[in-house]
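Protein chains: 2
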Amino acid sequence: MSHISLPQSLAFHGDGGGTIIMLVMDGLGGLPHPDSGLTELESAATPHLDALAARSSLGMLAPVGHGITPGSGPGHLALFGYDPIESMIGRGVLSALGVGFELRQGDVAARLNLATLDHDGLVTDRRAGRPSDEDGRRVIETVRNSLRTPEGVEATLIHEKEHRAVLVLRGDGLGADIADTDPQRTDLPPVPATATRADPASERTAGIVQDILDQVRDILADEPRANSFLARGFAAFTPYPTFETRYGLRAVAVAKYPMYRGVASLVGMAIDGVPDSNENSVEMLERHFGSYDFYFIHFKDTDSRAHDGDFEGKVAAIEEVDALLPRITALSPDVLIVTGDHSTPAIYGEHSWHHVPTLIASSWTRPSADVFGESSCRGGDLGVVPGKELMSLALAHAARLDKYGA
Amino acid sequence: MSHISLPQSLAFHGDGGGTIIMLVMDGLGGLPHPDSGLTELESAATPHLDALAARSSLGMLAPVGHGITPGSGPGHLALFGYDPIESMIGRGVLSALGVGFELRQGDVAARLNLATLDHDGLVTDRRAGRPSDEDGRRVIETVRNSLRTPEGVEATLIHEKEHRAVLVLRGDGLGADIADTDPQRTDLPPVPATATRADPASERTAGIVQDILDQVRDILADEPRANSFLARGFAAFTPYPTFETRYGLRAVAVAKYPMYRGVASLVGMAIDGVPDSNENSVEMLERHFGSYDFYFIHFKDTDSRAHDGDFEGKVAAIEEVDALLPRITALSPDVLIVTGDHSTPAIYGEHSWHHVPTLIASSWTRPSADVFGESSCRGGDLGVVPGKELMSLALAHAARLDKYGA
Chain H
1430 MSHISLPQSL AFHGDGGGTI IMLVMDGLGG LPHPDSGLTE LESAATPHLD
1480 ALAARSSLGM LAPVGHGITP GSGPGHLALF GYDPIESMIG RGVLSALGVG
1530 FELRQGDVAA RLNLATLDHD GLVTDRRAGR PSDEDGRRVI ETVRNSLRTP
1580 EGVEATLIHE KEHRAVLVLR GDGLGADIAD TDPQRTDLPP VPATATRADP
1630 ASERTAGIVQ DILDQVRDIL ADEPRANSFL ARGFAAFTPY PTFETRYGLR
1680 AVAVAKYPMY RGVASLVGMA IDGVPDSNEN SVEMLERHFG SYDFYFIHFK
1730 DTDSRAHDGD FEGKVAAIEE VDALLPRITA LSPDVLIVTG DHSTPAIYGE
1780 HSWHHVPTLI ASSWTRPSAD VFGESSCRGG DLGVVPGKEL MSLALAHAAR
1830 LDKYGA
Chain L
1430 MSHISLPQSL AFHGDGGGTI IMLVMDGLGG LPHPDSGLTE LESAATPHLD
1480 ALAARSSLGM LAPVGHGITP GSGPGHLALF GYDPIESMIG RGVLSALGVG
1530 FELRQGDVAA RLNLATLDHD GLVTDRRAGR PSDEDGRRVI ETVRNSLRTP
1580 EGVEATLIHE KEHRAVLVLR GDGLGADIAD TDPQRTDLPP VPATATRADP
1630 ASERTAGIVQ DILDQVRDIL ADEPRANSFL ARGFAAFTPY PTFETRYGLR
1680 AVAVAKYPMY RGVASLVGMA IDGVPDSNEN SVEMLERHFG SYDFYFIHFK
1730 DTDSRAHDGD FEGKVAAIEE VDALLPRITA LSPDVLIVTG DHSTPAIYGE
1780 HSWHHVPTLI ASSWTRPSAD VFGESSCRGG DLGVVPGKEL MSLALAHAAR
1830 LDKYGA
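First to last, the sequence lines map onto chains H and L. Using my numbering, you'd call the opening residue of the first sequence number 1430 and step up by one each time. Using my numbering, you'd call the opening residue of the second sequence number 1430 and step up by one each time.
Structure follows, in structure tokens:
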């Protein structure tokens, strides 16, 4: 597996270059409102983004590929220049990184759901009645205090949120080709943990997992609802080449939500503080500015509102970021990129496959419109840019790439 | 060899999704008329296609790659989502499928030309004076009645049209890496059938082919013109993963011409009836509608007229399809795609490498123009779409693809 999407001989300067800010509005791309024919971004009053667009190269980002709806992990990996197909992150690994667990090479991680089984061992509730965070944490703690694992294997249980938790196994010779034990619907028994291919490491690990799940049923036998675990998304961790190694960039991430800090730390970005509001995110960026070469700043509300199907809410979330933009442009980075990790059209209510409007502001642009939106970006100078190639553009605009060939 | 161009982990829903109609006008893309500056599609009066475009995402299809002029086989394979480079069909196989021969795994097929040799064994006419269909059929029948093949090898000769025929060899251990015996010009002897690499199966098969060609010269010794065969396009048949396997789609094809039914059946589409007119094609689509998930409907005249250099004829052929469009939109498929397998500009008179105007109509589009043509499509939301990725878009718009990654 190679994470390298730049041509190998495409080398960054050892001697530095400009600073880059990558501003990501999660799920930025949208679809036209049936009444107005305008997308969320086109409906929003964004005087500062529009002014920025007027001095930027515009284009459309294709996060993973035509027709492919990316999850947040692949979407951000692509933004960071890593091939989202070749360097697919398993859900378990993403969850473990999201809760801040420091994974090591070879660790196997899985997502856990607290679930309810009836007397016949059939799943009656795949989320154990959605326990409160406190209750979920208490149950995980109970299991943690009683769980035994084979010699040489360390099992870490971390509560995430409500009914969700993470399991990490550490030890020599573990494998992650293990089927989900979640039967995906009720009135069925959990699927036994089994290897999905003839791989001794995965077969051994599946046995360990099944033993843990069996113990959990004993330990939680008296719980009225959260009396078992369902496991899914088994994945082994392989460290990624870092931003420093790949690009010579010292990078820092500012993100309210753990998952985005997780992906950022996966590629070696520093995490220095956890903002509790969008304004606080910008303050944190201001505080960091000057100490790094690359700044990733993530705004989540655009995606959240669109998931709610709230067109006006997403419009407002975009306007809120626009209002903060002058403080970011005031930092005068050499390169400022505004984009999203994927589209989340409010009328669609989920992540989608549509291209994402994108701008790159630097001293070396070909402006084509004085408004930032899907329509202006589809006519922009960059055309359709594969997500994983955005970093090459960022580095080029920052004068950090050597010429390719003589 | 893999035919899969979608990421392996990109799974279609087991639980269904929307219906898809793919309407292909063969050779749809054109070049501007010197007088008007408008292409065939732009010159045609297409009120229904224009109305459809106004609610569609538009784009340009790049069937195989920049500058590459596809044949009909690769062009359609790409439309169906199969990598046209990796899953190249040999001409022999395409011809055999075209005449309706049911190929099996391992069959080796080649195209045959009836040809004229002089007393010195030199080719004097590579097409044997273009015999009539009747005469060509008679000659093939004569050979068929006398031909002997080695134990365990079955040779099938099928007349195609005029001087053209197909040879299929069936048996264990055959190979298809065999050079064409057609010297490509007159006054040369036929090239002996020889393996193009050190492959025992191909070497053995080349020997069988040469023996057949020698027998043919004896059998046809008294024919005044069609006294030999030239063979080319040797290809072994490997079944393709079907639409059902790859996409979970039950698919049906409606096409007047055998070659297009051949490519469609190659990817597992049902063929249920042979239409004898464009209107009859639409009737057949109407009859099938509701029984399948995916409908491929092929119109040929656009390409044929352009091959004749008949600009106005191609315009009229487009208008004829436009007039039938309301009956297709009346079926209310969830996704309707209108495209071509390649460009055949009338002023060029042949297939060409130019992009093909393409529209996708669904509930999830970003319309950008109210006219369907090369100019509007090049400014469309889809940008330039590699041919083989069109199916990913079709599946996405039909809500048939799982999200990629967490």
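All C-beta atoms, glycine included, are put in the ideal place defined by N, C-alpha and C. Treat the numbers as computed from the prediction; the structure is a model and nothing was measured.
Q. First and last residue of the alpha helix (DSSP H) that includes L:Gly1636?
A. 1629 to 1648
**Q.** Own chain partners of H:His1826 with C-beta closer than 7 Å, once the 5 adjacent residues on each side are dropped
**A.** Val1764, Ile1789, Ser1791, Trp1793
Q: Measure from the alpha carbon of H:Gly1677 to the alpha carbon of each residue in H:Arg1829, H:Gly1502, H:Pro1463, then state which is nearest.
A: H:Arg1829
Q | Boundaries of the beta strand (DSSP E) in which L:Glu1583 is found, first to last residue | A | 1583 to 1590
Q: Using the Cα positions of L:Gly1458 and L:Arg1690, report the straight-line distance between them to the nearest angstrom.
A: 22 Å
**Q.** Distance between L:Phe1672 and H:Ala1627 (C-alpha atoms, nearest Å)
**A.** 29 Å
(Q) Pop quiz: L:Lys1839 and H:Thr1498 are said to be a contact at Cβ under 8 Å. What is the actual Cβ separation, rounded to whole angstroms? (A) Missing from the structure shown is residue 1839 of chain L; chain L here goes from 1430 to 1835 and no further.
Q) When burial is assigned at 16 or more other CB atoms within 10 Å of the CB, is H:Arg1577 buried or exposed? A) Burial is judged here by how many other beta carbons sit within 10 angstroms of a residue's own beta carbon; H:Arg1577 has fewer than 16 and is exposed.
Q | Buried versus exposed call for H:Arg1716 [16 or more other C-beta atoms within 10 Å across all chains shown] | A | exposed
Q. Would the beta-carbon of H:Ala1538 fall within 7 Å of that of H:Val1582?
A. no
Q: Note down the Cα distance separating H:Glu1779 from H:His1462, rounded to an integer number of angstroms.
A: 15 Å
Q: Could you work out which residues of chain H lie near L:Asp1810, taking near to mean beta carbons separated by less than 8 Å?
A: Met1489, His1783, His1784, Glu1803, Arg1807
Q. Excluding the five sequence neighbours on either side, which residues of its own chain have a C-beta within less than 7 Å of the C-beta of H:Asp1732, listed in chain order?
A. Asp1455, Gly1456, Thr1773
Q. Of the residues H:Phe1666, H:Ala1665, H:Gln1644, H:Phe1663, which one's Cα is nearest the Cα of H:Ser1657?
A. H:Gln1644
Q.
Which of the three DSSP states is assigned to L:Arg1540 in this structure?
A. strand
Q | Neighbour list for H:Pro1796 in chain L, Cβ cutoff strictly below 9 Å | A | Those do not exist, as H:Pro1796 stays about 18 Å from chain L at its closest Cβ, beyond 9 Å.
Q: Note the first and the last residue of the continuous beta strand (DSSP E) segment covering L:Leu1452.
A: Unbroken beta strand (DSSP E) run through L:Leu1452: 1449 to 1454.
Q.
Assuming L:Ala1624 and L:Asp1611 are in contact, meaning their beta carbons sit under 8 Å apart, how far apart are those beta carbons, in whole angstroms?
A. Actually they do not touch by this definition, with Cβ atoms about 17 Å apart.
Q) So, are the CB atoms of H:Ala1682 and H:Phe1723 less than 7 Å apart? A) no
(Q) Looking only at its chain, what residues have a beta carbon closer than 6 Å to the beta carbon of L:Glu1803, apart from the 5 residues adjacent to it on each side? (A) Thr1468, Pro1786
Q. So, do the stretch 1692 to 1710 of chain H and the stretch 1557 to 1569 of chain H have three or more beta carbon pairs nearer to each other than 8 Å?
A. no
Q: Indicate the three-state DSSP secondary structure (helix, strand or coil) for L:Val1493 in the structure shown.
A: coil
(Q) Would you say L:Leu1822 lies against chain H (beta-carbon separation less than 7 Å)? (A) yes
Q.
Could you tell me which whole alpha helix (DSSP H) segments of length 4 or greater appear in the stretch 1714 to 1783 of chain L?
A. 1730 to 1736, 1740 to 1758
Q: Could you tell me the distance, in whole angstroms, from the CA atom of L:Ser1501 to the CA atom of L:Ile1641?
A: 30 Å
Q: Determine which residues of the stretch 1508 to 1521 of chain L have a Cβ less than 7 Å from any Cβ of chain H, and write them out in chain order.
A: none
Q: Answer yes or no: does any C-beta atom of chain L fall closer than 7 Å to that of H:His1780?
A: yes
Q: Measure the alpha-carbon distance for L:Leu1487 versus H:Arg1807 and round it to whole angstroms.
A: 11 Å
(Q) Our contact map puts L:Val1638 next to L:Ala1655 with C-beta atoms below 8 Å; I'd like the distance itself, whole angstroms only. (A) So it is not a contact: roughly 18 Å between Cβ atoms.
Q) How long is the line joining the alpha carbons of L:Val1750 and L:Ile1757, rounded to whole angstroms? A) 10 Å
Q.
Quick check on L:Lys1832 - is its C-beta less than 7 Å from some C-beta in chain H?
A. yes
Q) What are the residues that DSSP puts in a beta bridge with L:Tyr1833? A) H:Pro1499
Q) Given that L:Val1813 touches chain H, what residues does it touch there, using C-beta distances under 9 Å? A) L:Val1813 reaches chain H at Gly1812, Val1813, counting residues in chain order whose Cβ is nearer than 9 Å.
**Q.** DSSP-derived helix/strand/coil call for H:Ser1710
**A.** helix
**Q.** Beta-carbon proximity of L:Phe1666 to L:Asp1536, cut-off 7 Å
**A.** yes
Q: State the Cα-Cα distance for the pair L:Ile1569 and L:Ala1752, rounded to the nearest angstrom.
A: Looking at the two C-alpha atoms, the distance is approximately 43 Å.
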